[in-house]
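Its first residue numbered 14, the sequence shown is counted upward by one per residue in my numbering. Where a beta carbon is used, it is the ideal one built from N, C-alpha and C, also for glycine. Since we're looking at a predicted model, the values are computed, not measured.
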Amino acid sequence: MALDATTTALYNDIVRRNPAEPEFHQAVSEVLQSIQPVLERQPDLRDAGLLERLCEPERQVMFRVVWTDDSGRTHVNRGFRVGFSSALGPYKGGLRFHRSVNLGVVKFLAFEQIFKNALTGLGIGAGKGGSDFDPSGRSDSEIMRFCQAYMTELYRHIGPQTDVPAGDIGVGSREIGYLFGQYKRITNRFDAGTLTGKDLVIGGSLVRPEATGYGVVYFVEAMLAERGHSLEDKTVVVSGAGNVAQHAIVKLKEMGATVVACSDSSGYIHDSSGIRPDVLHEVKQVRRHKLDGYAELVPTARFVPDKAPWDISCDVVVPSATQNELGEADAVVLVKNGLIAVAEGANMPCTPKAIDVFHEAGIAFAPGKAANAGGVATSALEMRQNASRDRWTFSDTDEILADTMRSIHNACLITAANYEKPGDYVAGANISGFLAVTSAMNALGLM
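Here you go:
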């Protein structure tokens, strides 16, 4: 939907004030387009600079991170933390350690987090952070020293009632543990609720490692059921081979689907008999190897270097690697090959033109802010357990996760229909999140 003159002027001003941040511009543009029907019905929402405030972070922190490698060489990286909105609760969102991280990427991720976190209904605000540090190929001791150096600055900006980071690309329970250890050392407090995604022995929650991947599958299940289908006997392609992808593959297999391909930065593997989660875990988590190592262990698997898996015929696609990884041409091929549903496991992995292709073809498409909200939802549950010094069972937490994803799915559908966008999960997610956050902003007054 095209922007009206007032919103176009706002968007152009955002681009002017935030130069060289294309991912942030893309995320803002999508939301502004989605909420046009709301602004037409409720023009008062333009008052008091509401849209301007929504698109401007409450705080942005950028700092130097100095650390030494195992040979004693000094390295300097940049660290970031953006608190975008605290209208619904303390800032909540992951830390990403990857060479592609810059302020624009972190802002886009934090902006998306506003709507994702609002959809959960769990009283959490939105933030994101990270560093251009690349953990691949680094030893455990190097990663520990980097995490300690990063937290030495970050600690002064976070806390269980202020900002609660978690993991993202390059940041798993190992890194969270090192970060929390330094936080504890500096503050002399065991504030377990300050970071989520922790190991169980230091206050982590059961299901948290699995939550984003499992949650995407629960969303796909609901989306297919809405169209009279199930995951039983469906063929699925998953991009990525990290935490989200691995656990999505496990859950998809449990539900009777066959995942025939997954990928990493080196290429993809294809196996029509189905990707084996145990071998994938061995290669990626234990050996920390690229995917060609999977093909060496499984004779039926074919490794295709330097390509994404979008040329593989499938019923369902779960892009779970990184932003803008699936473009228009990829979408055309997938639709031609019989695709029926897409659910984003990563944040904004499909380009706007790819999404247009899916919508025009009548493909069920779930944006990441809805489909991958299971991770942050379970992080909020971890915060709740930390606050009460309690621990829930795996089955209880998983049941809450599944219920949350079904609720998000239903909210997206109902909201889209209410604004004359039936079946449009993008509009439903953005409008639902927008209404929740702006209601809180109005209640709090100017801030």
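Closest Cα partner of LEU135 within the set VAL346, ALA442 and SER392: Taking the first residue of the sequence shown as 1, we reach residue 135 at position 122. Ranking the options by Cα distance to LEU135, first place goes to SER392.
Cβ shell of ILE376 (< 7 Å), same chain only, five flanking positions each side left out: For the purposes of this step, residue 376 is taken as the residue at position 363 of the sequence shown. So the list reads VAL348, LEU352, ILE353, ALA354 and VAL355, once near-sequence residues are dropped.
Reduced DSSP secondary structure (H/G/I, E/B, other) of LYS303: By 1-based counting over the sequence shown, the position of residue 303 is 290. Residue state, collapsed to three classes: coil.
CA nearest to the CA of ASP153, picked from GLU395, ARG301 and VAL370: If you number the sequence shown from 1, residue 153 lands on position 140. The shortest C-alpha separation from ASP153 is found at ARG301.
Nearest neighbour of ALA367, chosen from PRO32, ASN337 and ASN385 [CA to CA]: Taking the sequence shown and counting its residues from 1, the one referred to as residue 367 is at position 354. With distances taken between Cα atoms, ALA367 lies closest to ASN337.
Contact check, ALA162 vs VAL95, beta carbons under 8 Å: The sequence position of residue 162 within the sequence shown is 149, counting from 1. The sequence position of residue 95 within the sequence shown is 82, counting from 1. Not closer than 8 Å, so no.
Beta-carbon spacing of THR451, LEU63 below 8 Å: Position 438 of the sequence shown, counted from the first residue, corresponds to residue 451. Position 50 of the sequence shown, counted from the first residue, corresponds to residue 63. A contact, by the Cβ cut-off of 8 Å.
Limits of the alpha helix (DSSP H) - the one that GLN73 falls within: The sequence position of residue 73 within the sequence shown is 60, counting from 1. Per DSSP, GLN73 belongs to no alpha helix (DSSP H); it is in the beta strand (DSSP E), 72-81.
Three-state class that DSSP yields for TYR104 in the structure shown: In the sequence shown, the residue the question calls residue 104 occupies position 91. In the structure shown, TYR104 sits in a strand (DSSP, three-state: E or B).
GLN140 versus ARG66: straight-line alpha-carbon distance, rounded: Within the sequence shown, the letter at position 127 stands for residue 140. Within the sequence shown, the letter at position 53 stands for residue 66. In the sequence under discussion, the amino acid at residue 140 is Gly, which differs from the Gln named in the question. For GLY140 and ARG66, the distance between alpha carbons rounds to 15 Å.
Classification of MET460 by the beta-carbon crowding that lies within 10 angstroms, buried from 16 upward: Position 447 of the sequence shown, counting from 1, holds the residue named residue 460. Exposed.
Which of helix, strand or coil DSSP assigns to ASP369: Residue 369 sits at position 356 when you count from the first residue of the sequence shown. Correct three-state label for ASP369: helix.
DSSP beta-bridge partners of THR175: Here residue 175 refers to the residue found at position 162 when the sequence shown is read from its first residue. Paired residue(s): none; THR175 is not in a bridge.
Check whether ARG419 and TYR231 have beta carbons under 8 Å apart: One-based indexing of the sequence shown puts residue 419 at position 406. One-based indexing of the sequence shown puts residue 231 at position 218. It is a contact, given that the beta carbons lie within the stated cut-off.
The segment 212-222 contacting the segment 178-191, beta-carbon criterion three pairs below 8 Å: yes
For ILE353, the residue or residues it bridges with in DSSP: To locate residue 353, count along the sequence shown from 1; it is residue 340. ILE353 pairs with nothing; no bridge assigned.
Local Cβ density within 10 Å of ARG402, reported as buried at 16 or more and exposed below that: As a working note, residue 402 is residue 389 in the sequence shown. ARG402 is exposed by the Cβ-count criterion.
Terminal residues of the alpha helix (DSSP H) in which CYS275 lies: Taking the sequence shown and counting its residues from 1, the one referred to as residue 275 is at position 262. Premise fails: CYS275 lies in the beta strand (DSSP E), 271-277, not in any alpha helix (DSSP H).
Assigned secondary structure, LEU219 (DSSP; H/G/I helix, E/B strand, else coil): Counting from 1 along the sequence shown, the entry for residue 219 is found at position 206. The answer is coil: DSSP assigns LEU219 none of H, G, I, E or B.
Straight-line gap, VAL257 to ARG289 (C-alpha atoms, nearest Å): Walking along the sequence shown from the start, residue 257 turns up at place 244. Walking along the sequence shown from the start, residue 289 turns up at place 276. Rounded to the nearest angstrom, the two C-alpha atoms are 15 Å apart.
Inter-stretch contact at 8 Å, needing at least 3 Cβ pairs: the segment 272-289 / the segment 380-390: no
Between the CA atoms of ASP369 and GLU234 - distance to the nearest angstrom: Here residue 234 refers to the residue found at position 221 when the sequence shown is read from its first residue. Here residue 369 refers to the residue found at position 356 when the sequence shown is read from its first residue. Each residue's Cα considered, the two are about 22 Å apart.
Simplified DSSP state of TYR281, which is helix, strand or coil: On the sequence shown, residue 281 is found 268 positions in, with the first residue counted as 1. If DSSP states are grouped into helix, strand and coil, TYR281 belongs with the strands.
Option in ALA449, ASN455 and GLY210 with minimal Cα separation from LEU132: Residue 132 sits at position 119 when you count from the first residue of the sequence shown. Of ALA449, ASN455 and GLY210, the residue nearest in Cα terms is ALA449.
Length of the line joining the Cα atoms of ASP147 and VAL89: If you number the sequence shown from 1, residue 147 lands on position 134. If you number the sequence shown from 1, residue 89 lands on position 76. Using only the alpha carbons, I get a separation of about 12 Å.
Exposure of THR417, with buried meaning 16 or more beta-carbon neighbours within 10 Å: Along the sequence shown, read from residue 1 onward, the residue named residue 417 stands at position 404. Looking at its Cβ environment, which holds 16 or more other Cβ atoms inside 10 Å, THR417 is buried.
Between the CA atoms of VAL177 and ILE171 - distance to the nearest angstrom: Here the question's residue 171 lines up with position 158 in the sequence shown. Here the question's residue 177 lines up with position 164 in the sequence shown. The straight-line gap from Cα to Cα measures roughly 6 Å.
Residues that DSSP places opposite SER252 in a beta bridge: Locating residue 252 in the sequence shown gives position 239, where the first residue counts as 1. The partner list for SER252 (beta bridge, DSSP) reads PRO332.
Whole-angstrom distance between GLU373 and VAL439, CA atom to CA atom: Indexing the sequence shown from 1 puts residue 439 at position 426. Indexing the sequence shown from 1 puts residue 373 at position 360. So the alpha carbons of these two residues sit roughly 14 Å apart.
Local conformation of CYS363 per DSSP, three classes: Sequence index remark: in the sequence shown, residue 363 carries index 350 (1-based). DSSP places CYS363 in strand when its eight states are reduced to three.
Among SER149, ASP411 and GLY217, the one whose alpha carbon lies nearest that of ARG109: In the sequence shown, the residue the question calls residue 109 occupies position 96. Comparing Cα positions, the closest option is SER149.
The beta strand (DSSP E) enclosing GLY190, as first and last residue numbers: For the purposes of this step, residue 190 is taken as the residue at position 177 of the sequence shown. Element bounds for GLY190: not the beta strand (DSSP E) but the alpha helix (DSSP H), 186-200.
Rounded distance between the beta-carbons of GLU43 and PHE121, thought under 8 Å: Walking along the sequence shown from the start, residue 121 turns up at place 108. Walking along the sequence shown from the start, residue 43 turns up at place 30. PHE121 to GLU43, Cβ: 10 Å. No contact.
7 Å CB neighbourhood of LEU45 in its chain, flanking five on each side removed: As a first step, residue 45 is located in the sequence shown; it is residue number 32 there, counting from the start. Cβ neighbours of LEU45 beyond the five flanking positions: LEU16, THR20 and TYR24.
Which of helix, strand or coil DSSP assigns to GLU115: Start at 1 with the first residue of the sequence shown, and residue 115 comes out as number 102. For clarity, residue 115 is Asn in the given sequence; the question names Glu instead. Residue state, collapsed to three classes: coil.
Extent of the continuous beta strand (DSSP E) to which PHE203 belongs: For the purposes of this step, residue 203 is taken as the residue at position 190 of the sequence shown. Unbroken run through PHE203: none, as it is neither H nor E.
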